[in-house]
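Enquirer:
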Amino acid sequence: MGSRRLRRKTYVLLLPENEYCAEHKLCTPTDEEWQPSVYLVVGDKKPPKRSTEMHTQAFNTMFDADALDGLRAAMSGELIAPDHPGYEQTRRVWNGQIDRRPAVIVQVRSTDDAALALQFARRHALPVSVRGGGHNTAGLAVADGGLMIDLTLMKDVHIDANTRVARAGAGLTIGELVPALAAHGLTTPTGTCAGTGISGSTIGGGIGWLSPKHGLGVDNVVAFELVTADGRTRRASTDEHPDLFWALRGGGGNFGVVTTIEYRLHPLGQILGGMLVYPLGDARSAMKHYSDLLASAPDALGSLAVLATFPNVGPALMLQFCYTGDDLAAGEALLAPLRTHDAVALDTIQAMPYSEFFMAYTPPVPDGLCYHDTACALPAMSDSVIDALIASAAQFSSPRSSVVINSLRGVAARIAPEATAFALRTPHLMVVNAATWEGEPGDEHIAWAEEAQRTLRPLACAGLYVNFMGEGAPDEVRAAYAGNYERLSALKAEYDPHNVFRRNQNILPAKQRGL
């Protein structure tokens, strides 16, 4: 492999700084002679002629043996080029629809490795993507012709049971972190899917079973270690780079490569948890009871509603609960009205360790299937919302598809919107229409997800959790951060002025917005 050259001819458009072309993603190389202009990577097809204010240039990105060997020798991780035997498997992400070919993959083992990889990408003018768990439906972890910084080897976790703080490598999945903490009788708020990476889930927000009681994942972070766009390693906390710490708590991957996260931990042992399943024909009544429960439920109750297809039941409503109060009998009494509903087809609610519950009720979303999501935020579960959700479920085009209804409430909704970058602190619902299929054309399933979104759109409210977006259009991203967007944009200009980290729900640096 070391004797080969990798070449990619890439066309770019050059235009004056501060001029923004919405058709392409911004990318600025680090060489001084390029600084007066912004250049936009177009790809391997020559673009049509544009205005005289910009011109087209083709260049070859070359990695000779010396450049690759130099990077490989300097780092402790793995360097995977297209002729590496592990390239085909490593470039794949969770969503089987995503088929992109990065120029090089750097599997880092340390923060120093991540800094070296980023410096290499900047030196060779490569688009940068960052892979934690790779669970973003739009496949933002991988870019054609780019450099993927792959964090999946960074799985160390150090738990201090006395201080109740865990220091976790950003390559861990939630399903790896939760059992590791449980071995010490501790936990921290995370998302609900075991296969999701802790890094992407946390820096986007981190909504899950424990959020009503302990807040979001970002509300329980003590510090981040990361590499910023200038190649510097920084520790962000309330005492060190506090503005950056604020931005990382909800600002997604806009501010650097997060390599380590320190979490505040909470003691947790037995919980009352499980699911109730109702046939779709009886779902309306059950959902109304569920809505009433959410309106008055204690913070100790975490929950999730899912419309999906179940064996021996067919299309159905599943209500999942995780009660973490000290008195589990109080949880039994709280859920009794739903459990005694005439239409209950399945009831698995029982006392069990939290980690056992978490792993048993993680969503069944295997790697390699095809996924297409649409999502929106809703102010409440009104009768109109319930009817729209049930109508969508009745039209499933695939038995693997689902409608997932998350709720933000409790402690997570009582934190001030300006306290962290995550701004959506008003109690609300988040609905994901998840089309899922295997080995067949996806047009029918994509059409179902898009139609489900159209049905809900008139009922929706502004702002959507960024981890439920795909790439996110500029107006969607702005709405997600509401009153925090201007501050985030200014911090983006400070820490990533050339928008190196743009494969995300992108916050544009202030100067690129003409501010």
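So the number in this note's numbering is just where the residue sits in the sequence shown, counting from 1, plus 890.
All C-beta atoms, glycine included, are put in the ideal place defined by N, C-alpha and C.
Note that this is a predicted model, so its numbers are computed, not measured.
Check whether the region 1311 to 1318 and the region 1129 to 1141 are in contact - that is, three or more C-beta pairs closer than 8 Å.
Expert: Because the criterion of three Cβ pairs below 8 Å is met, the region 1311 to 1318 and the region 1129 to 1141 touch.
Enquirer: Just checking my contact of residue 831 with residue 1307 at CB under 8 Å: how many whole Å lie between their CB atoms?
Expert: Any question about residue 831 goes unanswered here, given that the chain covers just 891 to 1405.
Enquirer: Just the Cα atoms here: how many angstroms apart are residue 1250 and residue 1087?
Expert: Looking at the two C-alpha atoms, the distance is approximately 18 Å.
Enquirer: Taking 8 Å as the cut-off, does the region 1230 to 1247 touch the region 1324 to 1342 (at least 3 CB pairs, one atom from each stretch)?
Expert: Touching, no, given that fewer than three Cβ pairs across the two stretches are closer than 8 Å.
Enquirer: From residue 877 to residue 1190, what distance separates their C-alpha atoms?
Expert: The first residue shown for the chain is 891 and the last is 1405, placing residue 877 beyond what the model contains.
Enquirer: How big is the Cα-Cα spacing for residue 1387 and residue 1123?
Expert: One C-alpha to the other measures close to 17 Å.
Enquirer: Between 1047, 1266, 1039, 1002, which lies nearest to residue 1016 when the distance is taken from Cα to Cα?
Expert: Nearest C-alpha to residue 1016: 1039.
Enquirer: So residue 1058 is in the beta strand (DSSP E); what residue range does that whole segment cover?
Expert: Note, residue 1058: beta strand (DSSP E), 1055 to 1059.
Enquirer: Please report how far the alpha carbon of residue 1282 lies from the alpha carbon of residue 1052, in whole angstroms.
Expert: Approximately 49 Å between the Cα atoms of the pair.
Enquirer: Tell me the rounded alpha-carbon separation between residue 1094 and residue 1112.
Expert: Going from the Cα of residue 1094 to the Cα of residue 1112 covers about 16 Å.
Enquirer: Between residue 1074 and residue 1156, is the Cβ-Cβ spacing less than 8 Å?
Expert: Cβ distance not < 8 Å, so residue 1074 and residue 1156 don't count as in contact.
Enquirer: Who are the Cβ neighbours of residue 1266 in its own chain at under 7 Å, not counting the five residues just before and after it?
Expert: Excluding sequence neighbours, residue 1266 sits near 1321, 1343, 1346, 1347, 1350, 1354.
Enquirer: Comparing alpha-carbon positions, which option in 1168, 1178, 1218 lies nearest residue 1197?
Expert: Cα-wise, what sits closest to residue 1197 is 1168.
Enquirer: Are residue 1380 and residue 1369 close, meaning C-beta to C-beta below 8 Å?
Expert: Their beta carbons are not under 8 Å apart, which means residue 1380 does not touch residue 1369 by this criterion.
Enquirer: Assign residue 979 to one of two classes, buried (16 or more other C-beta atoms within 10 Å of its C-beta) or exposed (fewer than that).
Expert: Per the 10 Å Cβ criterion, exposed.
Enquirer: Does the contact criterion of 3 or more C-beta pairs under 8 Å hold for the region 1248 to 1264 versus the region 971 to 991?
Expert: Flag = yes, the region 1248 to 1264 and the region 971 to 991 touch.
Enquirer: Enumerate in chain order the residues of its own chain whose CB-to-CB distance from residue 1391 is below 6 Å, with the five nearest sequence positions on each side excluded.
Expert: So the list reads 1143, 1144, once near-sequence residues are dropped.
Enquirer: Using 8 Å for Cβ pairs, my map puts residue 1117 next to residue 1005. What's the rounded Cβ distance?
Expert: Between residue 1005 and residue 1117 the Cβ distance is about 5 Å, and since that is below 8 Å, they are a contact.
Enquirer: Roughly how many whole angstroms lie between the Cα atoms of residue 1037 and residue 1091?
Expert: Rounded to the nearest angstrom, the two C-alpha atoms are 22 Å apart.
Enquirer: Helix, strand or coil for residue 1355? Go by DSSP, reduced to three states.
Expert: Coil at residue 1355, not helix or strand.
Enquirer: Under a three-way DSSP split, which group does residue 1160 fall into?
Expert: Strand at residue 1160.
Enquirer: Taking the C-alpha atoms as reference points, what is the distance between residue 1001 and residue 1013?
Expert: C-alpha separation (whole angstroms): 18 Å.
Enquirer: Along the chain, where does the alpha helix (DSSP H) containing residue 980 start, and where does it finish?
Expert: Residues 977 to 980.
Enquirer: Do you know offhand how far residue 968's Cα is from residue 1274's?
Expert: Spanning the two alpha carbons is a distance of roughly 52 Å.
Enquirer: Judging by CA-CA distance, which residue of 1173, 1290, 1230 is the nearest neighbour of residue 1278?
Expert: Comparing Cα positions, the closest option is 1173.
Enquirer: Residue range of the alpha helix (DSSP H) that residue 1142 falls in?
Expert: Run containing residue 1142: none; DSSP gives neither H nor E here.
Enquirer: In the DSSP output, which residue or residues are listed as bridge partners for residue 986?
Expert: DSSP, once it has assigned bridges, lists no residue as partnering residue 986.
Enquirer: Distance check for residue 1224 and residue 1230, CA to CA, integer angstroms please.
Expert: About 12 Å.
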